[in-house]
Amino acid sequence: MKNKFIVFFLFFGLLAFSNFEANAQCFASPGNPVAGSANVGVLHPRIFRLVLFHKFSYSDSYYSGSKFNEYDFPAAIKNANYNYTGMSLAYGLKPKLSLELDLGYFINKTQNYRYIDYQLKGYGLSNIGLTAKYNIYKNPVKMLEVTVGGGLKAPFRLEPQVVNGVRLDVDVQPSTGNFGFNLQALFVKEFENISTRLIVLSRYDNNFTENRMGYKFGDAFSNSIFISKHLANKYTELTKDITIICQFRHEYKKVNHLNGKVVKASGSNILYIAPQINYNFKMVWNFSFIFEKPIYHYYNETQLGNKYSLLLSITKDIGYKIKM
Amino acid sequence: MKSIKILLFVLIGSLSFAFFACDTDEPEPQPEPQPVIELEFISLTSDKEILYGGETATITAEARGEELVYQWTASAGSIVGSGKTVTYTPAPCITGENTITCKITDKYKESLTKKIIITVE
């Protein structure tokens with residue numbers, strides 16, 4: 077039973093998918109997941125973890141501050157959405173050190189106008205990120221763990237995407253075009269007697285260069301709290317491989333800059349709720365489904381805010397065998 | 014006698030080949046060379062110079078040349094459409110002077126560029 081619990085712990089990494097979209101463009105909608113996932117914790121040495129995921133995000137309402145804004149103008153966007161497929165590959169380098177490589181591809185990043193019969197659509201490779209994580213404290217008796225990490229990200233393309241002779245707006249460009257870094261810290265506390273885990277994840281993302289459109293996305297701060305409950309020995313045999321998680325995440329994004337000037341309608345304060353369900357198949361594969369919705373938002377000036385996101389992921393650890 | 018027959022056969026065959034291989038057609042008249050239309054970027058105009066929140070502007074590029082290709086960029090905001098006429102749709106946050114650039118390239122890879130400034134209030 078304990079080993080089984082450990083397996084769930086190992087797989088928990090994929091549950092902390094970051095919604096760090098370097099969005100908060102004027103139309104705050106699609107944005108770019110910085111580097112896909114935010115796997116939590118470090119891996120055992122010589123263990124590979126592969127995470128494949130797909131995210132769909134949808135936006136269709138404008139907000140001024142925290143209030144709905146009709147924004148009924150000729151240039152209004154009816155809705156915006158994106159489909160993003162990503163991959164994260166992590167490797168346990170040392171007992172306390174893991175490396176992670178994240179990358180992704182926008183199948184589409186689309187804006188539909190309300191009064192103009194036209195669709196802006198970008199697609200292509202997004203950014204790539206490399207992150208190192210180090211476990212600075214681990215107390216197996218108290219089941220406490222603290223991990224810190226830091227990484228770099230780079231765009232897959234520097235030149236903005238041009239479609240039909242028109243350079244796409246930054247809102248629908250597949251790559252931010254910015255180089256940047258991130259810092260993160262993770263606190264994990266397990267309560268084995270009730271098969272529950274509490275995780276706090278803090279993350280800071282910085283873009284330190286302008287892209288070739290003169291655009292620089294603002295810094296982003298995020299704090300997430302996860303409460304997970306493993307349904308082992310509960311209800312029926314069917315639920316024994318299922319974990320349910322509730323995530324609350326606060327994201328604060330600073331304003332963006334265009335050619336050195338502040339983009340007034342950028343930057344936001346958003347609180348998300350993201351219920352998740354995990355299914356573990358034969359201790360080898362892990363499937364997750366996440367639904368995410370803002371429950372509070374504040375946008376500077378007027379922006380197109382995110383309505384909801386869906387995320388599906390598959391995780392597999394390679395090189396790890398556990399005796400049950 | 015037999016060798017003469019063979020010689021004649023070869024001779025006639027060679028003459029026939031030479032006859033049919035010879036191009037007896039009159040040389041086709043060459044088409045008159047068309048005058049090259051030099052690329053000329055006549056104008057880049059907008060139906061509005063100042064836009065108020067959420068408005069759009071129609072921007073037209075007038076040019077002469079052959080097989081023209083239009084490339085558009087906006088310093089901020091979106092360009093909707095393609096070709097010689099497009100619609101500029103600035104986002105609500107993009108206030109101030111925004112530059113729309115049109116680059117026209119012809120079949121000879123010559124190109125000319127014009128810019129227009131649209132103020133978004």
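From first to last, the protein sequence lines are chains A and B.
Residue numbers for the first sequence follow the working numbering, beginning at 77 and rising by one.
Residue numbers for the second sequence follow the working numbering, beginning at 14 and rising by one.
We put the CB at the ideal spot given by N, CA and C, even for glycine.
Taking a 10 Å sphere around the C-beta of N269(A), we find fewer than 16 other C-beta atoms and assign the residue as exposed.
Per DSSP, K131(A) is one residue of the beta strand (DSSP E) stretching across F124 to G141. Taking 8 Å as the threshold, the shortest C-beta distance from Q47(B) to chain A does not fall below it. Listed in chain order, the beta strand (DSSP E) elements of length 3 or more contained wholly in the stretch 307-391 of chain A are 318-329, 332-334, 337-339 and 344-357. Taken in chain order, the members of the stretch 91-116 of chain B whose beta-carbon sits within less than 8 Å of a beta-carbon on chain A are S91, I92, V93, G94, S95, G96, V99, T100, T102, P103, A104, P105, C106, I107, T108 and G109.
Under DSSP, L277(A) forms a beta bridge with L262(A) and S300(A).
Contact annotation for E134(B) against chain A: no contact, minimum CB-CB distance about 13 Å [criterion: below 8 Å].
By the C-beta density criterion, E123(B) is exposed, having fewer than 16 other C-beta atoms within 10 angstroms.
Excluding its 5 nearest sequence neighbours in each direction, V360(A) has C-beta neighbours in its own chain below 7 Å: K392, listed in chain order.
Boundaries for F149(A): no beta strand (DSSP E) harbours it, and the DSSP string shows neither H nor E there.
The C-beta of G67(B) comes closer than 8 Å to at least one C-beta of chain A. Look at the stretch 359-378 of chain A: the residues with a C-beta under 9 Å from a C-beta of chain B are N376, E377 and T378. At a Cβ-Cβ threshold of 8 Å, Y375(A) and Y191(A) do not count as neighbours. Separation of N354(A) and S389(A) (C-alpha to C-alpha, rounded to the nearest whole angstrom) is 9 Å.
For S91(B), the enclosing beta strand (DSSP E) begins and ends at S91 to V93. For L244(A) and Y199(A), the gap between their C-alpha atoms comes out near 10 Å. Between T71(B) and T108(B) a beta carbon distance of about 20 Å is seen, past the 8 Å cut, so the two are scored as non-contacting. Apart from the 5 residues on each side of it in sequence, I346(A) sits with its Cβ closer than 6 Å to the Cβ of E327, P370 and H373 in its chain, given in chain order.
T126(B): member of the beta strand (DSSP E) spanning S124 to V133, first to last residue. When secondary structure is reduced to three states using DSSP, E268(A) falls in the helix class.
The beta-carbon separation of L228(A) and F257(A), rounded to 5 Å, stays under the 8 Å limit for a contact.
The beta carbons of I366(A) and L387(A) sit about 4 Å from each other, so the pair counts as a contact at 8 Å. Taking CB atoms only, V222(A) has no neighbour in chain B less than 8 Å away. The beta carbon of V242(A) falls within 8 Å of a beta carbon belonging to chain B, placing the residue at that interface. The alpha carbon of S56(B) has as its nearest neighbour, out of T112(B), K120(B) and K97(B), the alpha carbon of K97(B). Taking 8 Å as the cut-off, the Cβ atoms of G294(A) and K330(A) count as close. If only complete runs of 4 or more residues are kept, the stretch 41-116 of chain B shows no alpha helix (DSSP H) anywhere.
Using a CB distance cut-off of 8 Å, Q43(B) does not count as an interface residue toward chain A.
Secondary structure of D245(A) (DSSP, three-state): coil. By the rule that beta-carbons nearer than 8 Å mark a contact, Y194(A) touches chain B.
The C-beta distance from M289(A) to G343(A) rounds to 18 Å, too long to meet the 8 Å contact threshold. Taking a C-beta distance under 8 Å as the contact criterion, A350(A) and T378(A) do not qualify as a contact pair. Interface annotation, A151(A): in contact with chain B, CB-CB separation under 8 Å.
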